[in-house]
Each structure stands twice: as C-alpha cells, then as structure tokens.
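Following: one structure in structure tokens, then a few remarks.
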Amino acid sequence: MAHLNDYREFAGADVIDELALSAERLSGVSIQNINSTAVGGGVAEILMRMVPLLQELGVNALWDVIKGGEQFFEVTKKMHNALHGQPVQFSQDEIDLFLATNETNARELNLHGDIIFIHDPQPCALIQRKSELGNKWLWRCHIDFSRPDPFTWEFLKTYIEQYDASVFSAPSFARQLSIPQVLISPSIDPLSDKNKELPQEVIDSVLQRFKIDPERPMVTQISRFDYLKDPVGVVQVFRKIQKYIDCQLVLAGGGAVDDPEGAKVLAEVQEAVNNDPDIFLLLLPPASDIEINALQRASTVVLQKSLREGFGLTVAEALWKGKPVIAGAVGGIPLQIVHKYSGLLSHTVEGTAFALKQLLQNPSYANNLGKNGREHVRRNFLITRHLRDYLLLFHSLRHPKESMVYL
Ligand code: UDP
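Residue numbering for the sequence shown follows the working numbering, beginning at 136 and increasing consecutively.
What follows is the structure, given as structure tokens:
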C-alpha cells in the first residue's frame with residue numbers, strides 16, 4: 136500500500152509537508168467514520184484509502200459500518216432516491232424501521248471517537264446519542280441534494296441539524312440549515328489499485344478474459360446497476376452509434392450491500408442488450424479494482440450518463456487516466472468536466488450520442504480533452520487535497536470559537 140511520501144510526485148512536496156504539520160496537532164485525536172457499506176459505491180471507495188492515510192499521519196482514524204436487514208436497506212434506498220428528487224411515500228412502518236435500526240446500531244456501536252463522522256443518511260439518526268456522549272459530530276452528505284423530496288428532507292433535517300457541522304460535495308447541494316455547511320469535494324487515490332499505472336500486459340489480459348477485442352474502439356461505463364446511472368440510456372446511445380461507427384460497448388459494475396435495486400436494474404439492462412455481441416455486460420464482484428482500472432485504461436471513450444449524481448468518482452477515475460469522458464451534467468460532474476475543456480457534458484440520449492460520435496471520429500480532440508481532464512483532476516480531486524480539507528475541518532471543529540487556528 137502506498138505511503139504519504141509516494142504522493143509527492145503528484146501533489147507536490149509542499150502539500151505533503153503541510154499535511155504532516157496540520158496532522159501533528161491532531162495526533163491522538165480519534166475520528167470515527169461510520170457509513171452503511173464496507174464495499175461498493177463511492178463512500179466505501181474513499182474511506183478505504185482515507186482511513187489508512189489519516190492513520191499514517193498520526194490521526195486515530197477508525198471506520199465502522201452499521202448493520203441493517205434487507206428491509207432497512209430497501210427503506211434507505213427509497214430515501215436515497217427521494218433525496219435525488221424522486222417523489223416517494225414512506226409508511227409509518229418504514230420510518231419506524233429506519234429509526235429502530237439506527238437505535239440498535241447506536242446501542243451496539245462503541246461511539247467513542249472524539250469526532251464522530253457520519254456518512255450519508257442511512258446512519259444519520261445515530262446522532263441521538265450526542266447529548267449523552269458529548270463528542271463532536273459531523274454529517275457528510277455524498278449524494279445529490281439539489282432537488283430533494285420535501286417530506287424526506289424535512290424528516291432528515293431534524294436529525295442533521297443536531298450535528299456540529301455538515302459537509303456537502305458541490306455548491307448546488309447547499310441547503311437552508313441551522314448548522315455550518317462546508318463544501319468538500321471527494322477525491323480519488325492515484326496510487327490505489329483502481330487508479331495506479333498498469334503494465335500493458337495486465338490491460339491486455341483483462342480484455343482477453345472478458346473476450347473484448349483490443350483492436351476495436353471501446354466505449355465504457357462503470358457503475359453500480361442503478362436507475363440513476365441510466366445504463367439503459369447508455370445502451371440506447373450505443374444503438375444510435377453502432378449503425379455508423381464500428382465499436383464495442385462495455386457496461387461493467389456490481390452491487391453494494393446498501394443498494395437492493397441492482398438485480399432489477401440489471402435485468403432491464405439485459406433485456407435492452409438483447410444478446411448483442413458488441414455489448415459486454417460485465418457483472419463484477421467486489422474488489423475488482425484492477426479489472427476496472429484496466430477497462431478504463433483500455434477505453435476509447437468513457438461515459439457516465441448519470442441522471443443524478445453525488446460526485447461521480449468514476450468520472451475522476453477516467454479523467455485521471457487521460458480518457459475523454461462524456462457525462463451527465465448533474466451533481467458534482469460539472470465540477471470535474473468543464474464542457475469542451477476537460478470532457479463533454481450531456482443531458483439526453485441524443486446529446487450523448489452526438490458527443491460520442493464526435494469523439495470517436497476526432498481522436499485528437501478526444502485526446503486533448505483527456506489530457507486537460509487529467510490535469511484538472513491532479514489539481515483538484517486527488518486524495519491529498521481531500522485529506523487537507525478534512526484536517527482543516529477537524530481543527531475548526533475542535534476550536535469552534537476561534538477564527539484562526541495556529542499550527
Ligand atoms: N465501482 C466498483 N465496482 C463496481 C462499480 C463501481 O468498484 O462494480 C467503484 C467505482 O470505480 C467508483 C465507485 O465504485 O470508485 C463509485 O463511485 P461513484 O461516485 O461513481 O458512484 P456511487 O456508486 O457512489 O453512486
């Protein structure tokens with residue numbers, strides 16, 4: 136596993152030195168992260184790297200995962216969809232189950248961190264133990280909060296406003312809240328298996344394993360099978376293109392413990408694919424980081440046709456590999472893709488197909504977008520910037536009345 140010093144070549148030596156200085160004052164302070172899944176999805180992806188790097192900096196970072204049954208995750212997925220703007224109704228039983236599962240976890244988890252760092256809505260009602268424990272509580276929202284369902288938002292707000300501060304991924308997600316709101320974008324780790332450089336033989340062997348032709352252009356979307364990632368829309372885009380340009384489509388992804396909708400979405404995608412030999416529908420097991428890395432690196436163009444998106448780590452991952460990306464102009468994606476500079480933004484199947492045709496027919500334009508995209512990620516979305524933001528946030532939480540914290 137990579138060490139902090141290994142990041143100097145990407146982030147600059149001064150950034151690494153500043154991290155050490157900032158962390159020194161947090162030595163021994165415990166930061167207890169809590170989320171709802173250990174694998175699958177962007178939150179787990181980030182914590183997996185963030186926690187060991189904080190530990191290396193001397194911060195006592197911990198990570199716990201709440202437990203919940205199938206029905207609890209059905210309710211929280213419904214909540215997730217509602218916060219992404221889908222109108223849904225919750226029965227009293229569903230609300231009760233949500234609260235009861237949080238209560239059980241609040242009792243069973245040893246909530247001993249100096250700062251309890253809760254990720255996303257699933258565990259947000261753990262806050263009920265705050266007055267008894269007296270520690271500092273942070274709520275980190277990773278989802279697209281630009282148009283939440285009003286009922287769901289009002290319900291969650293009663294819990295969120297009990298936290299000491301909240302963290303959102305993009306300016307458009309900021310809400311009317313009585314607690315401080317901090318804007319911190321997520322990040323990728325350039326040295327993780329998902330993003331590190333790969334020898335060509337590894338890339339070739341992954342393509343061979345999936346029977347993908349290395350000689351033909353390859354268009355890829357990597358995502359959990361989720362309606363909001365619009366995999367069926369991606370197949371429709373491909374149908375419009377394959378008539379004119381010889382290419383292959385790879386749709387690859389797996390599930391997450393806290394996402395029970397995956398099987399249904401996958402079945403719909405399978406139907407849309409209709410055994411087309413030019414479409415590779417790959418169901419990936421957890422920990423397929425090298426495979427995902429290789430697929431991204433082998434791609435001619437990467438799509439992320441999301442209809443809603445918290446941040447969209449897959450976009451940063453592809454840009455970091457210098458790939459031209461076409462992605463939905465939603466959530467945190469426009470922070471990463473400056474239209475026609477570091478990628479192309481799209482809103483519809485037609486718009487995505489038009490952009491895809493343009494990139495497949497103009498490789499040098501596509502290359503330039505990819506090159507700019509990599510630099511944009513290097514400057515803004517690497518884990519070192521994220522670590523710096525978190526350390527500053529922890530300082531500000533420990534010194535709430537001070538306008539300046541001396542390191
Ligand atoms: N991912 C993965 N396996 C999959 C699908 C996705 O490892 O089968 C990873 C993907 O590479 C990215 C993260 O999970 O690092 C997804 O984060 P993103 O922000 O794109 O979407 P989310 O799933 O959190 O909505």
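Ideal Cβ positions, reconstructed from N, Cα and C, are used throughout, including at glycine.
Asked: Assigned secondary structure, T355 (DSSP; H/G/I helix, E/B strand, else coil); Found: strand
Asked: C-beta neighbour in chain D for F286, strict 8 angstroms; Found: This model lacks chain D altogether; it includes just one protein chain.
Asked: Contiguous alpha helix (DSSP H) assignments of at least 4 residues, all confined to the stretch 258 to 334; Found: 265 to 268, 285 to 295
Asked: As assigned by DSSP and simplified to three states, the class of N410; Found: coil
Asked: Same chain only: Cβ atoms within 8 angstroms of L363, ignoring 5 sequence neighbours per side; Found: N216, H219, S441, L442, R443, E444
Asked: 8 angstroms contact criterion, which L192 and A155 should meet: CB distance rounded; Found: 7 angstroms
Asked: Cβ separation of G163 and N195, assumed to be a contact under 8 angstroms, to the nearest whole Å; Found: 6 angstroms
Asked: Same chain only: Cβ atoms within 8 angstroms of K536, ignoring 5 sequence neighbours per side; Found: none
Asked: Extent of the continuous beta strand (DSSP E) run through L470; Found: Counting along the chain, L470 falls outside any beta strand (DSSP E), though it belongs to the alpha helix (DSSP H) covering 468 to 471.
Asked: Closer than 7 angstroms: L517 CB and nearest the ligand UDP heavy atom; Found: no
Asked: Reference L528; option with closest CA among L261, V317, Q471; Found: V317
Asked: Nearest candidate by alpha-carbon position, reference L273, set N497, S281, E289, D249; Found: D249
Asked: Check whether Q257 and I201 have beta carbons under 8 angstroms apart; Found: yes
Asked: C-beta contact flag for V354 and L438 at 8 angstroms; Found: yes
Asked: Buried or exposed by the 16-neighbour rule on C-beta atoms within 10 Å, applied to A402; Found: exposed
Asked: K329 beta carbon near the ligand UDP (any heavy atom closer than 7 angstroms); Found: yes
Asked: Same chain only: Cβ atoms within 8 angstroms of A260, ignoring 5 sequence neighbours per side; Found: F233, L234, N237, E238, A241, Y294
Asked: Residue range of the unbroken beta strand (DSSP E) whose run includes I230; Found: Taken as a continuous stretch (DSSP letters only), I230 belongs to no beta strand (DSSP E), being part of the alpha helix (DSSP H) at 227 to 243.
Asked: CB contact flag (V400, V370, <8 angstroms); Found: no
Asked: Element boundaries [beta strand (DSSP E), containing H254]; Found: 250 to 254
Asked: Range covered by the alpha helix (DSSP H) that runs through L386; Found: No alpha helix (DSSP H) contains L386, which is instead part of the beta strand (DSSP E) from 383 to 388.
Asked: Near the ligand UDP: F446 beta-carbon under 7 angstroms from a heavy atom; Found: yes
Asked: Boundaries (first-last residue) of the beta strand (DSSP E) holding G463; Found: 460 to 463
Asked: Any non-hydrogen atom of the ligand UDP within 7 angstroms of T487 CB; Found: no
Asked: Residues that H474 bridges to, as DSSP identifies them; Found: G478
Asked: Cβ shell of F280 (< 7 angstroms), same chain only, five flanking positions each side left out; Found: L218, F303, F308, R310
Asked: Whole-angstrom C-beta distance between A305 and L470, which should lie under 8 angstroms; Found: 6 angstroms
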